[in-house]
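In our numbering, the protein residues as written are 1 to 970.
Ideal Cβ placement from N, Cα and C applies to all residues, glycine included.
As the structure is a computational prediction, the values presented were derived from the model and not from experiment.
Report on one structure; see the data block that follows.
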């Protein structure tokens with residue numbers, strides 16, 4: 001039955017057929033799936049390929065199961081013709097049968113094997129499983145292969161992998177039904193970079209063992225920063241020297257050097273080793289220590305306010321590059337002792353980390369922990385260095401310039417020497433235009449340590465005393481709002497103070513009075529002042545203001561009152577011919593009649609337009625009035641609340657009152673709905689750690705909802721989170737290691753969730769693993785700035801290694817995956833000893849030979865056991881109590897073994913310990929029954945028994961003792 005199924009044709013059979021020029025088909029006759037009691041037939045065709053007639057002789061098979069259906073075994077076959085003979089097979093047993101059919105041509109013989117095979121399985125399996133290129137992110141990848149049974153009976157298979165890599169084949173054994181297939185899953189955990197070329201042994205029924213090859217190329221998920229010019233790795237960016245208030249922009253390429261997409265985020269690291277914030281590295285140590293206030297102030301600087309990275313979050317496809325823009329904009333920290341020193345500088349050295357977004361163990365854990373070995377490749381650190389310098393412009397003779405007084409039409413000049421005291425950077429300046437003053441040159445550039453002569457001129461255009469602040473703008477490269485480009489803009493202002501006086505020039509003016517109304521001054525404003533007007537008071541006043549004393553121009557038609565009328569002077573003719581305000585009324589100064597107004601129909605408002613305009617004005621006036629009333633009402637409420645809180649109600653502080661714990665509803669009301677970080681603002685590890693600590697203190701352990709219920713929760717949970725926001729949600733640990741567990745045992749591990757966002761989030765665990773289905777809930781609504789934990793329950797009915805992973809989402813956005821590890825072991829009990837020796841203890845027959853054996857259960861699942869004695873020809877004299885029972889997890893149980901003495905009691909025995917769904921152990925028991933006596937017994941004066949040894953068992957010893965004593969006392 002186990003013979004190899006193959007052809008019986010010799011290796012030189014083909015050469016023989018060519019020599020005899022005869023072709024026989026088929027080359028072997030094989031009856032498949034033959035059953036006893038049935039008859040099967042197959043044809044055999046003989047073709048004469050020669051050029052002449054051939055005489056052919058058939059020989060009957062030797063075994064009776066095969067029969068050649070020919071009446072005449074000798075045949076003559078002409079050239080080119082063929083004949084067919086039928087071979088009949090009728091098996092009488094369900095076993096494979098082998099024979100041969102001989103065809104002779106002259107002295108040559110052709111052998112045709114005859115094979116009869118009973119129904120069997122024909123199993124086939126793929127010989128290779130190739131996972132391709134994977135990323136070492138501790139994710140479990142699964143490939144499926146098929147075991148196909150082409151036979152007509154079921155076939156068994158068994159797989160076994162004895163390597164050390166995280167490869168799990170499931171199921172490891174099984175039965176494949178006929179004409180069907182079974183899926184076998186091969187799981188591989190890509191935990192570290194390596195080239196995998198492993199083999200697993202596969203045993204198929206009816207076939208020799210097959211080696212299943214498992215191949216994979218696991219690479220690191222590397223984020224790299226490359227130089228823009230030559231694609232070399234970039235470790236540091238030197239911004240160089242920059243004025244405070246200006247910006248320096250550098251660019252780099254962020255490269256995803258892996259076959260998997262990755263979500264990334266940039267994080268500014270605080271309090272790193274080697275960090276410098278505003279210190280002067282050229283300064284002596286003793287000088288720096290004398291200014292401890294400044295050093296403490298520099299430690300509290302928010303680095304993200306002067307260093308930016310755009311973009312600072314995103315998603316990179318496999319082997320994709322993206323351009324990252326870094327902007328350095330230093331700001332001056334006020335330090336009065338050093339700001340005016342030409343050697344003053346503030347040096348910066350900070351570190352920026354590009355990190356992948358996914359499951360993690362938290363920011364407060366030790367960075368040296370290596371739960372995942374490839375974690376160090378999923379981040380890249382970039383050093384950023386730069387120095388900030390103040391603008392140091394010195395003016396000689398000073399910032400206050402006094403110009404010599406002059407008259408209009410004249411000018412005075414002053415020379416100002418501008419000196420750039422900075423030894424590192426040039427200065428570009430520009431003077432703003434100022435009335436009555438002129439600067440030459442108005443703009444320019446002063447190199448490091450150089451001077452520039454500037455001529456300042458005072459050219460007055462009016463009389464008066466001038467005290468002017470002259471603005472000087474220092475121009476530099478300033479970043480635009482998007483922080484990705486820059487332009488030349490003023491970033492610093494310096495004021496110079498100009499002082500001078502313009503004296504008026506007096507001239508005698510002869511005033512000619514016109515008969516009629518004339519203004520007091522008809523000369524150009526401010527140029528000449530009339531000083532001799534009183535001289536002309538003796539002239540006739542003509543029609544000046546005395547005309548109001550007469551009633552010459554009083555008209556009888558204008559008796560109506562014009563209380564709100566405005567006076568129109570004689571020289572406002574231009575005003576009278578333009579569009580007027582309908583609400584204003586003008587009258588003449590003397591006649592007191594309404595002034596004539598010209599209305600242009602092309603430009604004047606219509607009546608409807610005037611009404612519409614008035615309604616608009618009323619609407620906005622009412623709106624502003626309403627806002628004012630609301631503001632005043634809120635202010636009044638705050639004042640009332642403060643006055644209420646200030647009321648003394650007689651309570652003493654710390655008098656035993658405890659603050660009530662906050663409920664989830666109060667937490668939601670206390671925190672704002674959402675606090676978004678600016679798009680271009682970097683995350684800071686110091687702020688993140690502070691948020692995480694705050695969220696860890698605010699634990700919510702009960703009443704977590706599986707779905708958002710309130711409108712507030714629905715709004716928050718419907719928002720699409722960015723990688724920067726997902727990075728502030730901790731779901732970990734990234735590996736749930738249940739360790740060694742018992743089959744069918746219930747095991748619990750905690751999965752922690754920390755929400756550092758000031759909004760609700762929806763955590764969904766996408767678990768399709770049967771082993772984790774007893775977990776109560778897979779969806780949670782986490783309140784803002786809070787933390788919780790999820791009890792993950794693991795129970796597996798299958799023995800072996802368990803490596804699986806599941807993913808989770810945050811607001812329906814993929815957030816990462818969690819690796820679940822366990823080693824499922826069968827129920828196992830241990831014996832305190834494999835052999836128990838019983839020695840006599842006391843004189844009671846029942847308790848003389850007694851001992852105990854311990855059963856130890858070191859696992860986390862109860863073990864049911866049963867003792868089964870091994871009976872021999874002499875029987876069994878040992879008994880066990882209890883004969884069956886249960887040992888609780890991580891506990892032990894003592895079993896009592898008793899030997900019953902007797903004439904035919906065997907001194908040795910065995911018990912077999914059967915553990916339900918577990919191991920089997922054997923306990924050997926031995927009874928030591930040799931007893932020695934060293935006493936002399938007398939009857940009267942004669943010695944009855946001397947010093948003897950008695951080899952007996954317990955109850956014989958007892959009876960013998962009683963007989964001796966009875967004889968003595970009788």
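Restricting to Cα atoms, I'd like to know which of the options is closest to residue i.
i	options	result
residue 815	356, 685, 40	356
residue 42	867, 112, 722	112
residue 442	191, 475, 460, 463	475
residue 215	166, 236, 204	166
residue 855	191, 881, 895	895
residue 891	798, 914, 838, 828	828
residue 910	884, 869, 346, 179	869
residue 825	805, 764, 744	744
residue 849	146, 878, 712, 864	878
residue 36	90, 270, 605, 926	90
residue 139	807, 908, 901, 497	807
residue 251	597, 271, 241, 229	229
residue 438	450, 416, 449	416
Look at residue i and residue j and say whether their C-beta atoms are less than 9 Å apart.
i	j	result
residue 421	residue 472	no
residue 186	residue 142	yes
residue 261	residue 219	no
residue 168	residue 899	no
residue 505	residue 408	yes
residue 749	residue 778	no
residue 732	residue 822	no
residue 249	residue 485	yes
residue 389	residue 272	no
residue 276	residue 349	yes
How many angstroms separate the CA atom of residue i from the CA atom of residue j?
i	j	result
residue 353	residue 268	6 Å
residue 897	residue 917	24 Å
residue 640	residue 618	33 Å
residue 161	residue 211	10 Å
residue 244	residue 687	25 Å
residue 708	residue 717	7 Å
residue 179	residue 103	37 Å
residue 239	residue 444	25 Å
residue 840	residue 876	18 Å
residue 370	residue 747	Below a pLDDT of 50, predicted positions are generally treated as unreliable, and residue 370, at 42, falls in that range; the measurement from the model is reported next regardless. Answer to the nearest angstrom: the Cα atoms are 25 Å apart.
residue 907	residue 851	14 Å
residue 728	residue 690	12 Å
residue 131	residue 265	29 Å
residue 325	residue 790	40 Å
residue 588	residue 630	47 Å
Can you give me the start and stop residues for the alpha helix (DSSP H) that residue i sits inside?
i	result
residue 717	711-717
residue 696	685-697
residue 869	Run containing residue 869: none in the alpha helix (DSSP H); it sits in the beta strand (DSSP E), 863-870.
residue 724	723-726
Give me the DSSP bridge partner(s) of residue i.
i	result
residue 818	806
residue 187	142, 168
residue 27	In DSSP, residue 27 forms no bridge with anything.
residue 204	157
residue 346	388
Taking Cβ positions only, does residue i come closer than 9 Å to chain C?
i	result
residue 278	The chain labelled as chain C is not found in the depicted structure, where only one protein chain is given.
Name the two residues that bound the continuous beta strand (DSSP E) containing residue i.
i	result
residue 489	486-503
residue 441	That residue, residue 441, is in no beta strand (DSSP E); it is neither H nor E in DSSP.
residue 118	Element bounds for residue 118: n/a, residue is neither H nor E.
residue 262	262-269
residue 43	40-48
residue 850	850-857
residue 217	210-219
residue 102	97-105
residue 747	747-755
residue 90	Counting along the chain, residue 90 falls outside any beta strand (DSSP E), and DSSP gives it neither H nor E.
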